[in-house]
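Colleague:
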Amino acid sequence: MRWSGHFPFVTPTAPTARRPLGFLAILMAGALGSALPMAPVVAQQPAPLPQSLSEFVRLKEDVYAFRFQNHVSMFIPTDEGAIVVDPIGQSNRQAPSVYKEAIRSVTDRPVRWMLYSHWGADHGTGGIVFRDTATFLSHRNAAPKIAAANDPTSPVPDVTFDGGTTLEFGGKTLILQSTALSPADDYFLVWYPAQKVLMMVDQVRVKTLPFGDLQGASPERMAEHLQYVADNFDFDVLLWGHGAGPILTGTKQDLLDHRQYYLDLVDAVRAARAAGHADNSEAMVAAVRTALAPKYSSWGNFPGGLTANVAGVVRWSSDAGG
Ligand SMILES: [Zn+2]
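Just so we're on the same page, this note's numbering is the position in the sequence shown counted from 1, plus 5.
Printed below as a string of structure tokens:
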């Protein structure tokens, strides 16, 4: 899905009862790169002013995050040049150029690596401004999608991999691990062990409900995946490709909290069924909301995202024949 133009970034804690969920749904559908059934787009309320459109944050001595609107990139400068994850150029076509200048404000070395965390036009568009100096890398499954997108601002990767690989560059070591949630999964996570930083785009969210109706994997599979990540990667800063302000990054505990949400969601749906509520009925959603509110009512997209989350649990349990 492609769109352009300026949209307000809305933080999950924005003090408005009516958030422009249609906007968020469009963004996220782009991230998933598939034709999701879209919720009806509600009339978009202007977000309250002032808005934070962009952030440039030094997370560790040599780790930076750059946000433009609702997308977040990471870069790591080295003596031989910078490593960047995602050009995030769809929501605003000037963002990659702004980003390039932001990088220049902290290092005089050029960007040498552009890593596509996956192919989603919203995260992946606009890398062309780094093409003069950067080698582009993606998961093997992402390359044909990028080629098919045929976007002149989004270079087809020079290097692809599957499974896990190590990027050693400029005296720094990054571990790239494909997440393999499905045979078509084109995501990989980026782990910088020396600084205990993990970037895992879209497959985890910080204090925010999972997106939509859980297209990527069943809730049980996601919980398993998140436990695997928690058990095998040492990190204290988590980037998830979205978020702003206090949830621009999270911690391992946030990742574990997100895992627990999936389990609590499944339990709540089961309990609603046991209470006689029909799948996806308003009564089921209301029962799930009541069950989850004590722990999750402060999370982004609660309760707005619950109807879709419940639908995801119902669909996956049906797929499993249960
Ligand atoms: Zn995304």
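Built from N, CA and C at the ideal position, the CB exists for glycine as well.
Starting from Gln-258 and walking both ways along the alpha helix (DSSP H), at which residues does that stretch end?
Modeller: 257 to 279
Colleague: Pick from Ile-93, Gly-317 and Ala-152: whose alpha carbon is nearest that of Gly-132?
Modeller: Minimum Cα distance to Gly-132 is reached at Ile-93.
Colleague: To the nearest angstrom, how far is the alpha carbon of Met-227 from that of Pro-101?
Modeller: 31 Å
Colleague: If you follow the alpha helix (DSSP H) that Ala-189 is in, where does it begin and where does it stop?
Modeller: First-last for Ala-189: undefined, no H or E at that position.
Colleague: Let me know if Thr-171 comes out buried or exposed under the rule of 16 or more other beta-carbons within 10 Å of its beta-carbon.
Modeller: Under this definition Thr-171 is an exposed residue.
Colleague: Start and end of the alpha helix (DSSP H) containing Gln-232?
Modeller: 224 to 237
Colleague: Just the Cα atoms here: how many angstroms apart are Gly-27 and Gly-310?
Modeller: With a pLDDT of 35 at Gly-27, under the threshold of 50, the modelled position of this residue cannot be trusted, and the question is left open.
Colleague: Given that a residue counts as buried once 16 or more other Cβ atoms are within 10 Å of its Cβ, and exposed if not, what is Pro-82?
Modeller: buried
Colleague: Should His-247 be listed as close to ligand 1, given that the test is whether its C-beta is under 8 Å from any heavy atom?
Modeller: yes
Colleague: Which first and last residues belong to the alpha helix (DSSP H) in which Tyr-104 is found?
Modeller: Following the DSSP letters along the chain, one finds Tyr-104 inside the alpha helix (DSSP H) bounded by residues 100 to 109.
Colleague: Compute every distance between the C-beta of Gly-175 and the non-hydrogen atoms of ligand 1, then say whether any falls below 8 Å.
Modeller: No.
Colleague: Would you list the one or two residues that DSSP bridges to His-144?
Modeller: Phe-166, per the DSSP bridge assignment.
Colleague: Closer than 8 Å to a non-hydrogen atom of ligand 1 - does that hold for the CB of Gly-305?
Modeller: no
Colleague: Closest by CA to Val-90, which one among Trp-196, Gln-232, Ser-187 and Arg-109?
Modeller: The shortest C-alpha separation from Val-90 is found at Trp-196.
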